[in-house]
Ligand SMILES: Nc1nc2c(ncn2[C@@H]2O[C@H](COP(=O)(O)OP(=O)(O)OP(=O)(O)O)[C@@H](O)[C@H]2O)c(=O)[nH]1
Ligand SMILES: [Mg+2]
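Residue numbers (my numbering): 20 to 346.
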């Protein structure tokens with residue numbers, strides 16, 4: 020009973036925009052503490068209104084630098100901004116977290132900006148259910164825009180489209196062969212391809228490559244055609260920065276497209292489907308292991324697999340049939 024009251028109180032504080040409560044709740048969902056369900060149930064009705072922007076791309080491509088510019092731009096438009104940086108401590112990112120902190124530090128005093136990095140990813144790679152929860156928490160605390168930065172590696176990159184309304188892929192010059200690989204799948208997931216570091220050698224060639232690769236993407240009539248926006252997001256003089264306003268304009272254009280074409284309904288459907296699937300996966304596993312606890316069966320199953328008398332697929336089928344199949 021006491022816990023329930025605490026949850027209600029915490030959620031009320033969150034809804035009032037209390038940052039310390041937001042931090043506590045995020046830690047709570049990241050650690051899958053027992054109040055997680057209660058918290059998310061209370062929060063859920065207060066979510067769903069934010070613009071969720073995904074930023075993915077290789078380590079060091081400039082995702083955080085661009086995020087910094089976007090925060091500034093959205094703030095100028097009077098919008099509040101939440102940022103979730105997923106897996107900043109990844110060995111691929113070369114310890115960028117410290118860099119992120121320094122870069123984003125100036126926003127820490129702004130009440131309209133809330134930045135949180137998350138070390139957690141899903142058990143099987145890909146974005147975890149906690150990522151969805153954190154976005155919801157940021158929405159509930161009143162953020163108009165939630166930016167999710169993920170390293171473009173493996174499943175995260177694909178998952179991001181299930182989370183974001185608008186998905187940016189950050190590329191850099193000299194990606195030559197990678198662009199070939201991008202033709203296959205990645206081009207289709209990005210709504211906007213940012214060619215960052217357009218000040219570097221080879222930028223023109225990369226731009227032509229990207230345009231060439233994009234020319235084979237033929238969306239159905241009325242569907243969004245991905246846009247390429249070259250940017251220079253770091254420069255010694257502000258006048259040398261390039262493409263940021265164009266990027267902001269491309270994001271707005273995509274948002275308008277989503278609303279006008281009602282494609283936003285499909286985005287929301289897919290996001291909810293993915294979220295539901297992740298929760299089912301986690302909860303089913305917990306439920307089954309809980310059911311086996313104390314029976315010695317889990318150990319038996321594991322040993323039978325190790326000793327070659329059984330395999331994991333047969334075990335899962337057997338357990339599911341025994342415990343879950345209802346007539
Ligand atoms: N020359 C040049 N350098 C840039 C540009 N944008 C970012 N950088 C530099 O590239 C480096 C990486 O930038 P980040 O914004 O940390 O990149 P990131 O994609 O967030 O990196 P991870 O989080 O580590 O994956 C930094 O040293 C930036 O100063 C650009 O437009 N031109
Ligand atoms: Mg970064």
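For each residue, glycine too, the CB sits at the ideal point set by N, CA and C.
As the structure is a prediction and not an experimental result, all values here were calculated from the model.
- Looking at the backbone, the Cα of residue 63 and that of residue 208 are separated by about 27 Å.
- Annotation: the continuous alpha helix (DSSP H) that includes residue 234 extends over 222-234.
- Beta-bridge pairing by DSSP links residue 190 to 214.
- If only complete runs of 3 or more residues are kept, the stretch 51-116 shows the beta strand (DSSP E) at 70-76 and 100-105, in order along the chain.
- Here residue 211 is not near residue 229, since their CB atoms are 9 Å or more apart.
- Taking 9 Å as the cut-off, the Cβ atoms of residue 148 and residue 101 do not count as close.
- The beta carbon of residue 185 sits no closer than 8 Å to any heavy atom of ligand 1.
- DSSP places residue 135 in the strand class (E or B) of the three-state scheme.
- Secondary structure at residue 239: coil, using DSSP grouped into helix, strand and coil.
- Between the alpha carbons of residue 319 and residue 306 lies a gap of roughly 18 Å.
- By the neighbour-count definition (other C-beta atoms within 10 Å, threshold 16), residue 93 is a buried residue.
- A Cβ-Cβ contact shorter than 9 Å links residue 217 with residue 251.
- With contact defined as three or more Cβ pairs closer than 8 Å, the stretch 162-169 and the stretch 51-63 are not in contact.
- Excluding five sequence positions before and after residue 274, the CB atoms of its chain that fall closer than 8 Å to its own CB belong to 70, 184 and 185, given in chain order.
- In the structure shown, residue 48 adopts helical secondary structure according to DSSP, grouped into three states.
- For residue 84, the closest alpha carbon among the candidates 253, 327, 301 and 326 is that of 253.
- Within the model, the alpha-carbon separation for residue 40 versus residue 130 is close to 14 Å.
- Each residue's CA atom was taken as its position, placing residue 255 and residue 51 some 44 Å apart.
- Per DSSP, residue 286 lies in no beta strand (DSSP E); the unbroken alpha helix (DSSP H) holding it starts and ends at 282-311.
- By the Cβ-count criterion, residue 133 is buried, with 16 or more other Cβ atoms from all chains shown falling within 10 Å of its own Cβ.
- Remark: C-beta atoms of residue 257 and residue 219 do not approach each other more closely than 9 Å.
- CA-to-CA, the gap between residue 224 and residue 189 works out to about 16 Å.
- A straight line joining the alpha-carbon of residue 243 with that of residue 277 spans about 9 Å.
- Sequence-distant Cβ neighbours of residue 160 in its own chain, meaning closer than 6 Å and more than five residues away, are 33, 36 and 41.
- 9 Å or more divides the Cβ of residue 151 from the Cβ of residue 281.
- Per the DSSP secondary-structure output, residue 150 pairs with nothing in a beta bridge.
- Here the distance from the Cβ of residue 104 to the nearest heavy atom of ligand 2 is below 8 Å.
- Looking at the DSSP output, residue 40 bridges to nothing.
- In this structure, the beta-carbon distance from residue 49 to residue 153 falls below 9 Å.
- Proximity to residue 179 across 215, 73 and 325 peaks at 73, based on C-alpha coordinates.
- With a 10 Å radius around the Cβ and a threshold of 16 neighbouring Cβ atoms, residue 75 comes out buried.
- In this structure, the straight-line span from the alpha carbon of residue 169 to that of residue 265 is close to 22 Å.
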